[in-house]
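What follows is one structure encoded as structure tokens, with my remarks underneath.
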Amino acid sequence: TPRVFSGIKPSGGLTLGNYLGAVRRFVAMQHEFDQTLYCVVDQHAITVWQDPAELRDRTRELAAFYIAAGLDPKKAILFNQSAVPEHSQLAWVFNCVARMGWMNRMTQFKDKAGKNAEKASLGLYAYPALMAADILLYQATHVPVGEDQKQHVELTRDIAAKFNHDFGTELFPMTEPVIQGAGTRIMSLRDGSKKMSKSDASDASRINMSDDAEAIARKIRKAKTDPDALPSEAEGLKDRPEARNLVNIYAALSNQSVETALAELGGKQFGEFKPMLVDLAVTELSPITTEMRRLLADTAEIDRVLQAGATRAREIAAPILKQTYDCVGFVGA
Ligand code: TYM
Numbered sequence: 016t017p018r019v020f021s022g023i024k025p026s027g028g029l030t031l032g033n034y035l036g037a038v039r040r041f042v043a044m045q046h047e048f049d050q051t052l053y054c055v056v057d058q059h060a061i062t063v064w065q066d067p068a069e070l071r072d073r074t075r076e077l078a079a080f081y082i083a084a085g086l087d088p089k090k091a092i093l094f095n096q097s098a099v100p101e102h103s104q105l106a107w108v109f110n111c112v113a114r115m116g117w118m119n120r121m122t123q124f125k126d127k128a129g130k131n132a133e134k135a136s137l138g139l140y141a142y143p144a145l146m147a148a149d150i151l152l153y154q155a156t157h158v159p160v161g162e163d164q165k166q167h168v169e170l171t172r173d174i175a176a177k178f179n180h181d182f183g184t185e186l187f188p189m190t191e192p193v194i195q196g197a198g199t200r201i202m203s204l205r206d207g208s209k210k211m212s213k214s215d216a217s218d219a220s221r222i223n224m225s226d227d228a229e230a231i232a233r234k235i236r237k238a239k240t241d242p243d244a245l246p247s248e249a250e251g252l253k254d255r256p257e258a259r260n261l262v263n264i265y266a267a268l269s270n271q272s273v274e275t276a277l278a279e280l281g282g283k284q285f286g287e288f289k290p291m292l293v294d295l296a297v298t299e300l301s302p303i304t305t306e307m308r309r310l311l312a313d314t315a316e317i318d319r320v321l322q323a324g325a326t327r328a329r330e331i332a333a334p335i336l337k338q339t340y341d342c343v344g345f346v347g348a
């Protein structure tokens, strides 16, 4: 049965990249699939130090973002990872299936651990095995993510294949990453070669989901560009990373392909295009920000939504973990 799973770390402010690369797809897919699960992956967040009070706030903030962006908690299953202990139980099994050599190739680990890998947590290294557990605990067939998560979903397939092979089963499906549309790789507004990221030192490099209309306008007005007019075909953006990024953002926010967006934008100078982008971004993002703030006034209600989601998630997860334990040979599973 087709089933969708995805997750976001509550480890910092949410950016336009998270929205366009992930959450906008989540919302669309909740209508296209019977079962969708969207997780706040708090256990992934603590692979690097998180202040406990902030982790709590960010977990609720991310849940509020999911709902404000259009996820319906009656339809999609919204929950936080630590509330479903089966995630870490399956992750242990996968720690024993995944090979050190596979983990050593993970580019996100290399980026995050930096030169001083000795000082990185063991959890940061094992991170992709927990991610595979998130996905396969529900036998998820589709995982909507941004481009940067592609390697992790491929590793998930490797883990599923090795588990199935080692234990002579077909328990785990070959999950498909869903990396679709113009928003799958949103870049920094200051440097078209860097990903837009919550961890970039410059706040001007990103649009935060908490930014007000004025901040959005200021950041887009100041965004790096080049002196030329926009081309009328995607090919013309090839060596223009900053221009391409702003067009991608415009296309993703207006649910168009880059090609259709350029049919409208081709020939325009940035002086004309940027105000259009500001209008579109403010129209699309402001209602979400406002709704997020409203929801966050009642954290008890958010906690109830997460709790109810966790209960539904466990109903799917528990029998799949049991089958896994049976395959492995654990007595009493
Ligand atoms: P995270 O929390 O870093 O990011 C959440 C989602 O946002 C996407 N994203 C972007 N997309 C386009 N442009 C950007 N600049 C940009 N920045 C972030 C990410 O691709 C991601 O889809 N390991 C995951 C979380 C995770 C997960 C999972 C995802 C844990 N378990 C299971 C899917 C399935 C992560 O760190 O995402």
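Residue numbers (the UniProt record's numbering): 16 to 348. Positions of the beta carbon are idealized from the N, C-alpha and C atoms, including for glycine.
Judged by their CB atoms, Thr190 and Val158 are nearer to each other than the 8 Å cut-off. DSSP, read as helix, strand or coil, puts Pro159 in strand. Pairing Phe41 with Leu86 gives a Cβ-Cβ distance under 8 Å. Sixteen is the threshold: since fewer than 16 other Cβ atoms of the shown chains lie within 10 Å of the Cβ of Asn119, the residue is exposed.
DSSP places Glu191 within a strand segment (E or B) once states are collapsed to three. Assignment of beta-bridge partners to Ile23 by DSSP yields Val55. For the set Phe288, Ala266, Ser220, Lys213, the Cα lying nearest the Cα of Ala244 is the one of Phe288. Ala258 is positioned such that its CB atom lies closer than 8 Å to that of Asp241. By the neighbour-count criterion, in which a residue is buried when 16 or more other Cβ atoms sit within 10 angstroms of its Cβ, His46 is exposed. Under DSSP, the beta-bridge partners assigned to Met202 are Lys210. Judged by DSSP in its simplified three-state form, Leu186 adopts coil rather than helix or strand. Counting along the chain, Leu93 sits inside the beta strand (DSSP E) bounded by residues 92-95. Secondary structure at Asn260: helix, using DSSP grouped into helix, strand and coil. One thing to note: Leu292 has its Cβ no nearer than 8 Å to the Cβ of Ile335. Exclusion of the five residues before and after Thr122 leaves Gln166 as the residues of its chain whose Cβ lies within less than 7 Å of its Cβ. In this chain, the alpha helix (DSSP H) harbouring Gln338 covers 314-343.
If the five residues before and after Met224 are omitted, its C-beta is found closer than 8 Å to the C-beta atoms of Gly28, Leu29, Thr30, Leu31, Asn33, Tyr34, Phe80, Leu300, Ile303, Thr304, Met307, all from its own chain and listed in chain order. Taking the Cα positions, Ala328 is about 12 Å away from Pro88.
Of the heavy atoms belonging to the ligand TYM, none sits nearer than 7 Å to the Cβ of His157. Look at Asn179 here: in three-state DSSP terms it is helix.
With fewer than 16 other Cβ atoms inside 10 Å of its own Cβ, Gly183 counts as exposed. The DSSP-derived three-state label of Asn33 is helix.
Not one heavy atom of the ligand TYM falls within 7 Å of the beta-carbon of Asp173.
Assignment of Asn110 by DSSP, reduced to helix, strand and coil, places it in the helix class.
Relative to the ligand TYM, even the nearest heavy atom lies 7 Å or more away from the CB of Asn263. Proximity of the beta carbon of Met211 to the ligand TYM is indicated: a heavy atom of the ligand is located closer than 7 Å.
Shortest gap from the CB of Asp227 to any heavy atom of the ligand TYM: 7 Å or more.
Proximity of the beta carbon of Asn33 to the ligand TYM is indicated: a heavy atom of the ligand is located closer than 7 Å. Taking a cut-off of 8 Å for Cβ pairs, the stretch 174-183 and the stretch 210-218 do not touch, as fewer than three such pairs fall below it. The alpha-carbon separation between Pro17 and Val56 amounts to approximately 22 Å.
A direct Cα-Cα distance of roughly 17 Å separates Gln284 from Thr275.
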